[in-house]
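Chains as they are written, first to last, in the working numbering: chain A, 151 to 262; chain B, 65 to 179.
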């Protein structure tokens, strides 16, 4: 069956360091992958999209990589700040299908 | 520009009651979705719509119904509420540019408790 896996343990990181999150998937062949941020009590907010033919995408302090051979995406927050504390969700868009399947999310806590 | 608006924000229902969760978007998006999110679980797709008059089931449609009579509105109906429907419900919308869906816009959610 199709599965999207994100680390269930919260990532605690010192302010200024780089936070790295992993998203692994099985039995998917996604056309592209997206990352979202979710704050407590709020809906997810779209951050970045990366296509299957792109290796890396950047937006300000965020960087996403996408390895279709390993079936893995890495999400990096450089120079992390306390305001980056949130849960980050990866989501896959299936071929020929515009529905997103979401991972359970990975919480990041940036310690001042 | 309000984005995606969901009402109500909170609701307590008794077992067997019915209700409609409202969702409206003002971005002229053709795609709309309903997800539920349970603690520690990912978002699960309930129903979706690719345009006015067209709806289809997602992963967990049982106990729910939808309609899409206009581009803007996509209400979710719960019939005969059950405790298993206690969850946070999110409505989302998106558009296609070519073959690319440039991210979903989510509402702020409806927290539903069935007692």
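From the three backbone atoms N, C-alpha and C, an ideal C-beta is built for every residue, glycine too.
Proximity to residue i [Cα-Cα], best of the options
i	options	result
residue 169 (chain A)	A:154, A:230, A:177	A:230
residue 111 (chain B)	A:175, A:222, A:249, A:179	A:249
residue 103 (chain B)	B:137, B:152, B:138	B:152
Exposure label - residue i; buried when at least 16 CB within 10 Å
i	result
residue 157 (chain B)	buried
residue 152 (chain A)	exposed
residue 180 (chain A)	buried
residue 223 (chain A)	buried
residue 179 (chain B)	exposed
residue 160 (chain A)	exposed
residue 220 (chain A)	exposed
Within 8 angstroms, strictly: CB atoms of residue i and residue j
i	j	result
residue 196 (chain A)	residue 184 (chain A)	yes
residue 113 (chain B)	residue 99 (chain B)	no
residue 253 (chain A)	residue 173 (chain B)	no
residue 261 (chain A)	residue 200 (chain A)	no
residue 204 (chain A)	residue 218 (chain A)	no
Pairwise C-alpha distance: residue j and residue i
i	j	result
residue 211 (chain A)	residue 234 (chain A)	10 angstroms
residue 164 (chain B)	residue 256 (chain A)	25 angstroms
residue 167 (chain B)	residue 79 (chain B)	36 angstroms
residue 149 (chain B)	residue 241 (chain A)	23 angstroms
residue 140 (chain B)	residue 166 (chain A)	43 angstroms
residue 190 (chain A)	residue 238 (chain A)	11 angstroms
residue 207 (chain A)	residue 182 (chain A)	12 angstroms
residue 170 (chain B)	residue 154 (chain B)	7 angstroms
Interface flag, residue i vs chain E, CB-CB below 8 angstroms
i	result
residue 173 (chain B)	Checking the listed chains, one finds no chain E in this structure; the protein chains it contains are A and B.
Review point. Is the stretch 87-102 of chain B touching the stretch 65-73 of chain B in the sense that three or more CB pairs, one from each, lie closer than 8 angstroms?
Key: yes
Check your understanding: Below 8 angstroms, can you find three or more Cβ-Cβ pairs linking the stretch 139-150 of chain B to the stretch 119-126 of chain B?
Key -> No, they do not touch.
Review point. Are at least three pairs of beta-carbons, each pair with one atom in the stretch 129-137 of chain B and one in the stretch 70-79 of chain B, less than 8 angstroms apart?
Key: no
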